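Notes for the one structure printed next.
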Amino acid sequence: MVKPRFAGLAAVLLALALNAPAHAGAVLQRIAERGVLNVCSNVENRPFAYLSPSGEAQGFNIDLAEDIRARLSADLGRPLRRTTIATSGANRVPFLDQGKCDLIITGFSVTPERQRLVDFITPNFYSSGAVLLSRKDQPVASWESLRGQALCSSHGSTYNQAVAERYGVRILAFAGLTESAQALRDQRCVGQVMDDAVARLRLLDQREWAQFEIKLPTILEAPWSMAIAHGDPAFREVLDGYARAWREEGLIEALENRYGLPHKPVLDVAQVAAVGLDEQGVPVILQRVADYFRQFYADTGWNFPVLYDGWSARQFAQGIGITLKLALICIVASCLIGLVGAMAMRGPRPLRWLVQGYVELLRNTPSLAQLYFLYFGIGSLLRDGLPGTQLPWYADAFGLAALCISLHYGAFAVEIFRAGFKAVPETTREAALALGYGRWGRMIHVQLPIALRASLPALGNNMVQLIKGTSIAYAVAVPEVLYSAQEIWSERNNVVEMMVLVLVTYLAMMALLALVLDRLERRLRLPGVSL
Numbered sequence: 000m001v002k003p004r005f006a007g008l009a010a011v012l013l014a015l016a017l018n019a020p021a022h023a024g025a026v027l028q029r030i031a032e033r034g035v036l037n038v039c040s041n042v043e044n045r046p047f048a049y050l051s052p053s054g055e056a057q058g059f060n061i062d063l064a065e066d067i068r069a070r071l072s073a074d075l076g077r078p079l080r081r082t083t084i085a086t087s088g089a090n091r092v093p094f095l096d097q098g099k100c101d102l103i104i105t106g107f108s109v110t111p112e113r114q115r116l117v118d119f120i121t122p123n124f125y126s127s128g129a130v131l132l133s134r135k136d137q138p139v140a141s142w143e144s145l146r147g148q149a150l151c152s153s154h155g156s157t158y159n160q161a162v163a164e165r166y167g168v169r170i171l172a173f174a175g176l177t178e179s180a181q182a183l184r185d186q187r188c189v190g191q192v193m194d195d196a197v198a199r200l201r202l203l204d205q206r207e208w209a210q211f212e213i214k215l216p217t218i219l220e221a222p223w224s225m226a227i228a229h230g231d232p233a234f235r236e237v238l239d240g241y242a243r244a245w246r247e248e249g250l251i252e253a254l255e256n257r258y259g260l261p262h263k264p265v266l267d268v269a270q271v272a273a274v275g276l277d278e279q280g281v282p283v284i285l286q287r288v289a290d291y292f293r294q295f296y297a298d299t300g301w302n303f304p305v306l307y308d309g310w311s312a313r314q315f316a317q318g319i320g321i322t323l324k325l326a327l328i329c330i331v332a333s334c335l336i337g338l339v340g341a342m343a344m345r346g347p348r349p350l351r352w353l354v355q356g357y358v359e360l361l362r363n364t365p366s367l368a369q370l371y372f373l374y375f376g377i378g379s380l381l382r383d384g385l386p387g388t389q390l391p392w393y394a395d396a397f398g399l400a401a402l403c404i405s406l407h408y409g410a411f412a413v414e415i416f417r418a419g420f421k422a423v424p425e426t427t428r429e430a431a432l433a434l435g436y437g438r439w440g441r442m443i444h445v446q447l448p449i450a451l452r453a454s455l456p457a458l459g460n461n462m463v464q465l466i467k468g469t470s471i472a473y474a475v476a477v478p479e480v481l482y483s484a485q486e487i488w489s490e491r492n493n494v495v496e497m498m499v500l501v502l503v504t505y506l507a508m509m510a511l512l513a514l515v516l517d518r519l520e521r522r523l524r525l526p527g528v529s530l
């Protein structure tokens with residue numbers, strides 16, 4: 000029940016907001032006009048927000064959103080509906096800025112960097128820190144002892160950068176908690192870095208998580224607060240009042256008891272310290288460039304941290320290097336697969352059927368589904384029984400991603416080379432036969448050079464698609480360029496700037512590939528064959 004004095008205050012604030020100019024109280028006006036409150040939340044974070052078997056969002060955060068809807072309905076004197084918009088750490092702030100949602104209610108930890116992006120509501124409705132969930136038989140002495148080891152996490156987690164910088168670990172950030180948990184069960188990491196409340200609730204499931212425990216004390220404790228877009232003091236004042244009422248009326252404590260959560264006191268949002276520790280920064284030789292782009296960010300709001308922040312620069316540079324390495328391996332492997340497959344298509348019927356089945360299967364199923372099948376399915380079997388997290392290449396994320404991409408684009412290369420062999424003129428084959436070449440002699444010395452030259456334009460196009468297709472590796476935490484960019488923009492909410500850098504990076508790779516292919520075509524030109 001809303002207290003009368005608070006209801007009156009909220010009603011006055013809302014009335015002022017709705018009668019104010021367009022730049023003041025814009026969100027309140029939007030909610031009143033459409034009769035809908037849109038709330039962004041991560042709906043795979045039980046018990047805070049999750050989907051019921053019927054597909055309806057429910058949980059601690061959803062109950063808070065419903066309370067806001069009820070209070071706003073009463074204060075506005077008109078019924079409102081509520082919709083829950085599923086978001087992740089990578090897109091929740093962009094959705095807020097774009098007006099797709101009116102507020103964020105999720106495990107959104109307050110940090111100084113995020114305070115520059117959104118307005119946080121006070122007091123906080125919950126708080127949490129990072130813990131390490133690991134197998135009981137996994138020896139872990141301290142956070143410092145984890146240096147150089149792999150820890151699972153999810154994209155957008157506020158702990159990723161802080162834990163990586165402070166303790167020198169390798170963060171394997173997956174698309175969501177579900178994929179991260181599966182990687183932990185497959186022993187692809189020492190443990191999973193996650194919110195302490197979520198970890199403790201997960202351990203209540205003795206059937207699935209009986210062999211796991213929280214290893215280390217909580218670190219990086221930070222408040223969880225609702226967030227709204229900058230520039231709407233009327234809406235912020237109303238929500239601040241609702242958040243105070245939740246504490247005064249005991250709603251927060253009641254929800255903590257309902258969902259079996261430990262009680263968390265109010266934390267001072269204004270005194271949250273920075274969690275990132277990038278003392279190293281960028282090389283001294285580039286300091287002037289770093290200073291310029293740091294000032295450029297302060298003056299214009301365009302944020303290119305890879306040009307002034309050491310952690311971001313190292314992340315992005317590593318991503319470019321891994322993308323190039325992955326692309327080079329897959330280009331060579333896919334071409335070999337295509338060539339061998341095309342030659343096999345000219346062999347006995349059973350072999351032709353086998354190759355044709357491979358081509359149809361790989362060309363007509365999504366590459367991402369193939370990667371998940373290899374990584375979470377076949378990969379789990381390949382590494383079964385292997386101790387620790389040091390895996391052979393064929394069970395490692397990079398190796399499986401390279402295998403998947405090579406097989407997928409190799410299937411297209413089979414058809415490309417097969418067409419190239421068909422492009423060899425019949426008169427050329429007859430001339431080779433007349434000169435006394437045997438079957439393999441004709442293939443290697445006559446047909447193959449011409450087929451390679453005929454296949455080169457289509458093969459180049461396949462290579463271009465392959466380089467772009469390496470981006471699917473981010474789904475299994477291979478830190479290629481898109482993965483690195485997403486980690487950076489999840490922390491700094493500079494999606495546009497990072498996507499510009501990603502696009503420029505891919506364009507540079509394509510330009511280099513086009514230059515090499517053009518030189519190769521000129522060098523392999525065959526006079527008299529129209530190639």
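So in numbering that gives the first Met the number 0, the last one in the sequence shown is 530, and the numbering has no gaps at all. All C-beta atoms, glycine included, are put in the ideal place defined by N, C-alpha and C. Small disclaimer: the values here were computed from a predicted structure and weren't measured.
Original post:
Three-state secondary structure (DSSP) at serine 127?
Top reply: Taking the first residue of the sequence shown as position 1, residue 127 is located at position 128. Of the three classes helix, strand and coil, the one that applies to serine 127 here is strand, per DSSP.
**OP:** Let me know the secondary structure DSSP gives glutamine 355 once reduced to three states.
**Re:** Here residue 355 refers to the residue found at position 356 when the sequence shown is read from its first residue. Residue state, collapsed to three classes: helix.
Original post:
Can you list, in chain order, the stretches of the alpha helix (DSSP H) that have 4 or more residues and sit fully within the region 282-366?
Top reply: 286-299, 309-343 and 348-362
**OP:** Could you tell me the boundaries of the beta strand (DSSP E) in which serine 153 lies?
**Re:** Position 154 of the sequence shown, counting from 1, holds the residue named residue 153. Per DSSP, serine 153 belongs to the beta strand (DSSP E) from 149-153.
Original post:
Between the region 406-425 and the region 357-365, do three or more beta carbon pairs fall short of 8 Å?
Top reply: yes
Subject >> Close-in-space but distant-in-sequence residues of the same chain around proline 264 (CB under 7 Å, 5 per side omitted) >> reply: For the purposes of this step, residue 264 is taken as the residue at position 265 of the sequence shown. Around proline 264: no qualifying Cβ.
Original post:
Cα-Cα, which of Ala149, Leu455, Val42 and Ile84 is closest to arginine 518?
Top reply: Looking up residue 518 in the sequence shown gives position 519. The option with the nearest alpha carbon to arginine 518 is Leu455.
Original post:
Among Val503, Tyr49 and Leu71, which has the Cα closest to the Cα of aspartate 239?
Top reply: For this step, residue 239 is matched to residue 240 along the sequence shown. Residue Leu71 is the option with its Cα nearest to aspartate 239.
**OP:** For the region 129-138 and the region 206-216, state whether three or more C-beta atom pairs, one from each stretch, are separated by less than 8 Å.
**Re:** yes
Subject >> Where the alpha helix (DSSP H) through asparagine 461 begins and ends >> reply: Reading the sequence shown from its first residue, position 462 is the one you call residue 461. Element bounds for asparagine 461: 447-468.
**OP:** Enumerate in chain order the residues of its own chain whose CB-to-CB distance from valine 463 is below 7 Å, with the five nearest sequence positions on each side excluded.
**Re:** As a first step, residue 463 is located in the sequence shown; it is residue number 464 there, counting from the start. These residues qualify, in order along the chain: Met509 and Leu512.
**OP:** From the DSSP output, read off the bridge partner residues of asparagine 44.
**Re:** By 1-based counting over the sequence shown, the position of residue 44 is 45. Asparagine 44 pairs with Ala48.
Subject >> Per-residue burial, asparagine 123 [other beta carbons within 10 Å of its own, 16 or more giving buried] >> reply: The sequence position of residue 123 within the sequence shown is 124, counting from 1. Buried, by the Cβ-count rule.
Original post:
According to DSSP, is alanine 85 helix, strand or coil?
Top reply: In the sequence shown, the residue the question calls residue 85 occupies position 86. Reduced to three states, the DSSP call for alanine 85 is strand.
Original post:
Near leucine 215, what residues of its chain come up, given a Cβ to Cβ distance below 8 Å and the 5 sequence neighbours on each side ignored?
Top reply: As a first step, residue 215 is located in the sequence shown; it is residue number 216 there, counting from the start. Excluding sequence neighbours, leucine 215 sits near Val130, Leu131, Val139, Ser141 and Trp142.
**OP:** Provide the residue span of the beta strand (DSSP E) that contains glutamine 181, from first to last.
**Re:** Here residue 181 refers to the residue found at position 182 of the sequence shown. Premise fails: glutamine 181 lies in the alpha helix (DSSP H), 176-184, not in any beta strand (DSSP E).
Original post:
Out of curiosity, what's the CA-to-CA distance linking arginine 348 and valine 354?
Top reply: Stepping through the sequence shown from its first residue, residue 348 is reached at position 349. Stepping through the sequence shown from its first residue, residue 354 is reached at position 355. So the two alpha carbons sit approximately 10 Å from each other.
Original post:
Since arginine 146 contacts tyrosine 166 with CB under 8 Å, what's their CB separation in whole angstroms?
Top reply: The sequence position of residue 146 within the sequence shown is 147, counting from 1. The sequence position of residue 166 within the sequence shown is 167, counting from 1. Right, the Cβ-Cβ distance comes to about 6 Å (below 8 Å), so this counts as a contact.
Original post:
Taking Cβ to Cβ, would you say alanine 422 is nearer than 8 Å to alanine 457?
Top reply: Counted from its first residue, the sequence shown places residue 422 at position 423. Counted from its first residue, the sequence shown places residue 457 at position 458. Taking 8 Å as the Cβ cut-off, alanine 422 and alanine 457 do not qualify as a contacting pair.
Subject >> Of the listed residues Gly34, Gly54 and Asn60, nearest to asparagine 41 (C-alpha basis) >> reply: The sequence position of residue 41 within the sequence shown is 42, counting from 1. Checking every option, the nearest Cα to that of asparagine 41 belongs to Asn60.
Original post:
Who are the near neighbours of cysteine 100 in its chain, counting only those whose CB is closer than 7 Å to its CB and skipping five residues on each side?
Top reply: Position 101 of the sequence shown holds residue 100. The answer, listed in chain order, is Asn37, Val38, Cys39, Ile84 and Phe94.
**OP:** Please name the residue, chosen from Gln148, Gln114 and Gly106, that lies closest to glycine 155 on a Cα-to-Cα basis.
**Re:** To locate residue 155, count along the sequence shown from 1; it is residue 156. Comparing Cα positions, the closest option is Gly106.
Subject >> As assigned by DSSP and simplified to three states, the class of proline 216 >> reply: Along the sequence shown, one-based indexing puts residue 216 at 217. Correct three-state label for proline 216: coil.
Original post:
Nearest to tyrosine 258 by CA position, among Gly340, Pro46, Tyr296 and His407, is which residue?
Top reply: As a first step, residue 258 is located in the sequence shown; it is residue number 259 there, counting from the start. Selected option, being the one with the closest Cα: Pro46.
**OP:** Assign glutamine 191 to one of three DSSP states: helix, strand, or coil.
**Re:** To locate residue 191, count along the sequence shown from 1; it is residue 192. Glutamine 191: strand per DSSP, three-state reduction.
**OP:** Indicate whether the contact test is met: 3 or more Cβ pairs, each with one atom in the region 473-483 and one in the region 331-345, closer than 8 Å.
**Re:** no
**OP:** Identify whether cysteine 100 lies in helix, strand or coil by the three-state DSSP scheme.
**Re:** Your numbering for residue 100 matches position 101 in the sequence shown. If DSSP states are grouped into helix, strand and coil, cysteine 100 belongs with coil.
**OP:** Would you grab the beta carbon distance between isoleucine 471 and leucine 367 for me? Rounded to a whole angstrom, and I think it's under 8 Å.
**Re:** Translated into the one-based positions of the sequence shown, residue 471 becomes position 472. Translated into the one-based positions of the sequence shown, residue 367 becomes position 368. So it is a contact: roughly 5 Å between Cβ atoms.
Subject >> DSSP-derived helix/strand/coil call for serine 483 >> reply: Reading the sequence shown from its first residue, position 484 is the one you call residue 483. Reduced to three states, the DSSP call for serine 483 is helix.
Original post:
The beta strand (DSSP E) spanning alanine 172 covers which residue range?
Top reply: Walking along the sequence shown from the start, residue 172 turns up at place 173. From DSSP, the beta strand (DSSP E) with alanine 172 extends over 169-173.
Subject >> N-terminal and C-terminal residue of the alpha helix (DSSP H) that tyrosine 158 is part of >> reply: The residue given as residue 158 occupies position 159 in the sequence shown. That run of the alpha helix (DSSP H) goes 158-166.
Original post:
So, do the region 176-195 and the region 489-500 have three or more beta carbon pairs nearer to each other than 8 Å?
Top reply: no
Original post:
Name the DSSP bridge partner or partners of alanine 507?
Top reply: The count along the sequence shown starts at 1 and reaches residue 507 at position 508. According to DSSP, which records beta bridges pairwise, alanine 507 is partnered with nothing at all.
Original post:
Skipping 5 residues on each side, what residues in its chain have a beta carbon closer than 7 Å to that of tryptophan 223?
Top reply: Here residue 223 refers to the residue found at position 224 when the sequence shown is read from its first residue. The residues are Gly106, Phe107, Ser108, Asn123, Phe124, Tyr125, Ser126 and Ser127.
Original post:
What are the boundary residues of the alpha helix (DSSP H) that includes arginine 77?
Top reply: By one-based count along the sequence shown, residue 77 stands at place 78. Here arginine 77 belongs to no alpha helix (DSSP H), and DSSP marks it neither H nor E.
Original post:
Any idea what DSSP makes of isoleucine 120, helix, strand or coil?
Top reply: Residue mapping note: residue 120 aligns to position 121 of the sequence shown, counting from 1. Of the three classes helix, strand and coil, the one that applies to isoleucine 120 here is coil, per DSSP.
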